[in-house]
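Notes to accompany the following structure.
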Amino acid sequence: PCTHRLELPDEAATQELARRLAPLVRHGGRIHLTGDLGAGKTTFARALLRECGIRGRIKSPTFALVEVYEVSNLYFYHFDFYRFNDPREWLDAGFRDALAAKDAVVLIEWAEKAGAELPPPDLEIILEPAGDGRVATLTASSEHGQSWLNALFP
Ligand code: ADP
Ligand code: MG
Numbered sequence: 004p005c006t007h008r009l010e011l012p013d014e015a016a017t018q019e020l021a022r023r024l025a026p027l028v029r030h031g032g033r034i035h036l037t038g039d040l041g042a043g044k045t046t047f048a049r050a051l052l053r054e055c056g057i058r059g060r061i062k063s064p065t066f067a068l069v070e071v072y073e074v075s076n077l078y079f080y081h082f083d084f085y086r087f088n089d090p091r092e093w094l095d096a097g098f099r100d101a102l103a104a105k106d107a108v109v110l111i112e113w114a115e116k117a118g119a120e121l122p123p124p125d126l127e128i129i130l131e132p133a134g135d136g137r138v139a140t141l142t143a144s145s146e147h148g149q150s151w152l153n154a155l156f157p
């Protein structure tokens, strides 16, 4: 199955999912984080980046559009396209190379605002409210993503 549903009853559960995914993206990969404001996209991204070894403050890229990190020659791009109005803006902003990078970790919040020209992710994580917690729906769109799901949910 290329989709898996997981309950995340509290923030610790979100962080645990990030902790388990972190070693799998060690050689790069693209993850789209989908969900309404407050769904927990930045919480998940921050936990994943932290688990990947990023030290210091991890800011939400809501205003800067992207935050870039580097750990041991691996680049991490954390995008947030919430403020994008025109889907072509990400091209004009010069993000094409970063978004298509194969040897980087690319996390994108509000990818739907960037339109259909965005390369497909390896994995999409949809976060939705469920009681006081969240439910995550993880969908693989590449062999990479599928191998991550196989490792996460054997
Ligand atoms: P987004 O980036 O989707 O707008 P944020 O991550 O900035 O959302 O904020 C999400 C809020 O929800 C934070 O206050 C966080 O503590 C909380 N949260 C995150 N994950 C969970 C969870 N699994 N259960 C309950 N609350 C959560
Ligand atoms: Mg956010």
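According to UniProt numbering, the sequence shown is numbered sequentially starting from 4.
Don't be surprised by glycine CBs; every beta carbon is placed ideally from N, CA and C.
Quick check: what's the CA-CA separation for residue i versus residue j?
i, j, result
"Tyr-80", "Val-69", "7 Å"
"Leu-130", "Asn-76", "30 Å"
"Ala-15", "Ala-21", "10 Å"
"Ala-101", "Ala-139", "26 Å"
"Asp-89", "Cys-55", "32 Å"
"Asn-143", "Ala-67", "Reading off the sequence, residue 143 comes out as Ala, not Asn. Going by the C-alpha atoms only, they are around 28 Å apart."
"Val-28", "Leu-11", "21 Å"
"Thr-17", "Pro-64", "19 Å"
"Arg-86", "Glu-112", "11 Å"
"Val-71", "Arg-23", "22 Å"
"Lys-62", "Ala-42", "17 Å"
"Asn-153", "His-147", "10 Å"
"Arg-58", "Ala-48", "14 Å"
Nearest CA to the CA of residue i: which residue from the options?
i, options, result
"Tyr-78", "Thr-142, Arg-60 and Val-109", "Val-109"
"Leu-155", "Ala-25, His-35 and Ala-133", "Ala-25"
"Gly-136", "Cys-5, Thr-46 and Gly-32", "Thr-46"
"Leu-121", "Pro-132, Ala-133, Glu-19 and Gly-97", "Gly-97"
"Ala-107", "Glu-146, Lys-62 and Asp-125", "Asp-125"
"Ala-114", "Glu-19, Gly-38 and Leu-9", "Gly-38"
"Gly-31", "Lys-105, Ile-57, Pro-132 and Ala-48", "Lys-105"
"Leu-40", "Pro-132, Ser-145, Pro-157 and Arg-60", "Pro-132"
Return the Cβ separation of residue i and residue j in integer angstroms, given the expectation that the two are a contact with Cβ distance under 8 Å.
i, j, result
"Glu-127", "His-7", "Not a contact, Cβ separation roughly 11 Å."
"Leu-141", "Leu-51", "At roughly 13 Å, the Cβ-Cβ gap does not stay under 8 Å, so Leu-141 and Leu-51 are not in contact."
CB-CB under 8 Å to residue i, same chain, minus the five flanking residues each way: which ones, in chain order?
i, result
"Gly-134", "Pro-12"
"Ala-119", "Pro-90"
"Gln-149", "Cys-5 and Ala-143"
"Val-74", "Cys-55, Gly-56 and Ile-57"
What does DSSP give as the partner residues of residue i in its beta bridges?
i, result
"residue 3", "Past the edges of the chain, shown from 4 to 157, lies residue 3, and the structure says nothing about it."
"Arg-137", "Leu-11 and Pro-132"
"Gly-32", "Val-108"
"Leu-77", "Val-74"
Under 7 Å Cβ to Cβ from residue i, same chain only, skipping five residues before and after it: list those, please.
i, result
"Ala-103", "Pro-122"
Excluding sequence positions up to five away, which residues of its chain have a Cβ less than 6 Å from the Cβ of residue i?
i, result
"Arg-33", "Val-109, Pro-124 and Asp-125"
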